[in-house]
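Protein chains in written order, with my numbering: chain A, 1 to 245; chain B, 246 to 641. Structure record follows, encoded as structure tokens.
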């Protein structure tokens, strides 16, 4: 469960002064549901997700993730979240297995649990072949799998994906979207951001369109189609984002 | 704060570093290889320069002395010296290093020497040129001895004992222990070297673990794990400090080895340093808080950078901050007092110099240790503070 309540994030910029990267954003994301955060570059998607993952602290407003407050209990939040983005790279000089082990330790798992989870994940993701190969030597697709195993080692109830398919080829992107769907099917709470309309149409149960830091509209795909009288999500997105200009 | 998490981070960083060829090169190979090579090179060059100068027959010129065949004849007999016919540009030839020295003396020096008025003999030489200075010393000695001989002969001729020239002798004797004398000269350079190496050893890992992680995108990954930022920086700090200590110890061992095995016997005697295990322990204890200071300071500064390259531009000027007090501390004559005891780095350098010389002032040692601990704590606090600042971690 994710509940964001009037989240705000301001940055100070020397040239542009105060920037409201995220401005009173509220939404709810339930277990077994994929919430798609749609927005152009710089709309505030990454900042919102970083606040939910407690990598950034909100300037004001609150959010609870898996029942924990992001401001008061950030470590507990992180312990119950799997966070994956194109910016979250792997350590080149650790092997695939060592990477998963390291994060397992940081998530407070004992070595028996880490070993069991590593074996399960490597089998499920078909990673046995490059288990002891260093991350630097892996292909993009293999790295992606290691990242997935890394985010799943502690079996978190909440998954946060920030533009996970950005820069990936079709096959690698497809493995990610399959993985996101599996997370939902296992009853996890899933939120992910993207600017690819087709991914949202295929995957998301609920959609929020964010623009210039503000949540412009929210609902299921059908609800959005109805209220905007348009069939294509792209058309809806352009209209919503265009409002502000 | 969780020590467990810090240690997990530390172990991982250690494994990561040990697999990095660049670290091994800068931390182990260079300090270990560099010193024996350096010492070997210096000792080779020195002995070849000195040997050449000692065996050379030095060409000199003499101006004057036309009416003094006795002096000239004696001068020609000085071993290692060859008197060339005088030419007008003799001075120029000395400064061109074509001849080693020029002697200028009055024509009638033989007769003057028996008289009552004083005349002057001057020797033109090339300052700091080993060969020219050796020739000057030979000439100086020749003329001193010759003058003495003339004076004694004159006294004897008048029936006076030549001992009157030397009613008593003056002799200066060193009563300071040889170890302390050596410590005053060389003792300063040992802490200097350790300080430099503990700094440079920490530099590379500090940049790699901060700006390097930002550049590679692994910082966001680790920040999404439950490890707190304070635990994270403590783990990284321990790693950087390890690198600092290891580099310092290795380079010092290398210096010790090179000093013992790569230098000639005479050079070893001038460096009459007996370093006991208790000296090593005392110096190590005094230096420990300094490695904390270096590691923390470097982490705090390097974290400001977005990339490894940028970090290098921030850290390079810091080298001078560390080196300058260490050099001042190494200079002979700079001593520990309540003012210098307050200056970080310099105080550790000075107190180590004293300890190497065998002097243990427990109160000043305690004060220096305490002061360095205070500075180290401030630096560590700054590093922790930096890691808790979003605008530093996510600088755009």
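Quick reminder that beta carbons are idealized off the backbone N, C-alpha and C, glycines included. All of these numbers come straight from a predicted model, not from anything done at the bench.
Quick check on the burial criterion: 16 or more other C-beta atoms within 10 angstroms. Buried or exposed for residue i?
{"i": "residue 630 of chain B", "result": "exposed"}
{"i": "residue 7 of chain A", "result": "buried"}
{"i": "residue 13 of chain A", "result": "exposed"}
{"i": "residue 174 of chain A", "result": "exposed"}
{"i": "residue 634 of chain B", "result": "exposed"}
{"i": "residue 206 of chain A", "result": "buried"}
{"i": "residue 420 of chain B", "result": "exposed"}
{"i": "residue 442 of chain B", "result": "buried"}
{"i": "residue 456 of chain B", "result": "buried"}
{"i": "residue 233 of chain A", "result": "buried"}
{"i": "residue 496 of chain B", "result": "buried"}
{"i": "residue 570 of chain B", "result": "buried"}
{"i": "residue 23 of chain A", "result": "buried"}
Would you verify that the beta carbon of residue i is, or is not, closer than 7 Å to some beta carbon of chain A?
{"i": "residue 261 of chain B", "result": "yes"}
{"i": "residue 462 of chain B", "result": "yes"}
{"i": "residue 465 of chain B", "result": "yes"}
{"i": "residue 640 of chain B", "result": "no"}
{"i": "residue 251 of chain B", "result": "no"}
{"i": "residue 635 of chain B", "result": "yes"}
{"i": "residue 201 of chain B", "result": "The question about residue 201 of chain B has no answer here: the residues shown for chain B are numbered 246 through 641."}
{"i": "residue 257 of chain B", "result": "yes"}
Would the beta-carbon of residue i fall within 7 Å of that of residue j?
{"i": "residue 632 of chain B", "j": "residue 474 of chain B", "result": "yes"}
{"i": "residue 246 of chain A", "j": "residue 130 of chain A", "result": "Chain A is shown only over 1 to 245; residue 246 of chain A falls outside these bounds and no answer can be derived."}
{"i": "residue 225 of chain A", "j": "residue 240 of chain A", "result": "no"}
{"i": "residue 381 of chain B", "j": "residue 346 of chain B", "result": "yes"}
{"i": "residue 387 of chain B", "j": "residue 366 of chain B", "result": "no"}
{"i": "residue 82 of chain A", "j": "residue 157 of chain A", "result": "no"}
{"i": "residue 272 of chain B", "j": "residue 487 of chain B", "result": "no"}
{"i": "residue 209 of chain A", "j": "residue 44 of chain A", "result": "no"}
{"i": "residue 540 of chain B", "j": "residue 622 of chain B", "result": "no"}
{"i": "residue 299 of chain B", "j": "residue 375 of chain B", "result": "no"}
{"i": "residue 469 of chain B", "j": "residue 149 of chain A", "result": "no"}
{"i": "residue 328 of chain B", "j": "residue 354 of chain B", "result": "no"}
{"i": "residue 101 of chain A", "j": "residue 114 of chain A", "result": "yes"}
{"i": "residue 122 of chain A", "j": "residue 154 of chain A", "result": "no"}
{"i": "residue 75 of chain A", "j": "residue 471 of chain B", "result": "yes"}
{"i": "residue 609 of chain B", "j": "residue 586 of chain B", "result": "yes"}
{"i": "residue 344 of chain B", "j": "residue 305 of chain B", "result": "yes"}
{"i": "residue 254 of chain B", "j": "residue 477 of chain B", "result": "yes"}
{"i": "residue 166 of chain A", "j": "residue 88 of chain A", "result": "no"}
{"i": "residue 145 of chain A", "j": "residue 127 of chain A", "result": "yes"}
What span of residues does the alpha helix (DSSP H) with residue i cover, start to end?
{"i": "residue 460 of chain B", "result": "456 to 461"}
{"i": "residue 443 of chain B", "result": "434 to 453"}
{"i": "residue 97 of chain A", "result": "96 to 106"}
{"i": "residue 559 of chain B", "result": "553 to 575"}
{"i": "residue 55 of chain A", "result": "Residue 55 of chain A -> no alpha helix (DSSP H), and no H or E assigned at all."}
{"i": "residue 147 of chain A", "result": "140 to 152"}
{"i": "residue 626 of chain B", "result": "607 to 632"}
{"i": "residue 539 of chain B", "result": "522 to 547"}
At what residues does the beta strand (DSSP E) containing residue i begin and finish?
{"i": "residue 26 of chain A", "result": "17 to 29"}
{"i": "residue 380 of chain B", "result": "Residue 380 of chain B -> not in any beta strand (DSSP E); alpha helix (DSSP H) instead, spanning 375 to 402."}
{"i": "residue 119 of chain A", "result": "Counting along the chain, residue 119 of chain A falls outside any beta strand (DSSP E), though it belongs to the alpha helix (DSSP H) covering 111 to 124."}
{"i": "residue 13 of chain A", "result": "2 to 13"}
{"i": "residue 206 of chain A", "result": "206 to 211"}
{"i": "residue 216 of chain A", "result": "214 to 219"}
{"i": "residue 304 of chain B", "result": "303 to 308"}
{"i": "residue 193 of chain A", "result": "189 to 194"}
{"i": "residue 346 of chain B", "result": "346 to 349"}
{"i": "residue 296 of chain B", "result": "It is not in any beta strand (DSSP E) - residue 296 of chain B instead sits in the alpha helix (DSSP H) that spans 275 to 300."}
Can you find a C-beta in chain B that's less than 7 Å from the C-beta of residue i?
{"i": "residue 234 of chain A", "result": "no"}
{"i": "residue 228 of chain A", "result": "no"}
{"i": "residue 148 of chain A", "result": "no"}
{"i": "residue 105 of chain A", "result": "yes"}
{"i": "residue 186 of chain A", "result": "no"}
{"i": "residue 78 of chain A", "result": "yes"}
{"i": "residue 75 of chain A", "result": "yes"}
{"i": "residue 83 of chain A", "result": "yes"}
Comparing the C-beta of residue i with each C-beta of chain D, is any distance below 7 Å?
{"i": "residue 88 of chain A", "result": "You won't find chain D in this structure, because its protein chains are A and B."}
Please identify, using Cβ separations under 7 Å, the residues of the stretch 468 to 488 of chain B that lie next to chain A, in order along the chain. 468, 469, 470, 471, 472 and 473
For the stretch 91 to 102 of chain A, which residues have a CB atom closer than 8 Å to at least one CB atom of chain B, in sequence order? 91, 92, 93, 94, 98 and 102
Compile a chain-ordered list of the residues in the stretch 43 to 71 of chain A whose CB is closer than 9 Å to at least one CB of chain B. Of all residues in the stretch 43 to 71 of chain A, 50, 53, 54, 55, 56 and 57 have a Cβ within less than 9 Å of some Cβ in chain B.
Could you please tell me which residues of the stretch 108 to 130 of chain A, in chain order, have their CB closer than 8 Å to any CB of chain B? 108
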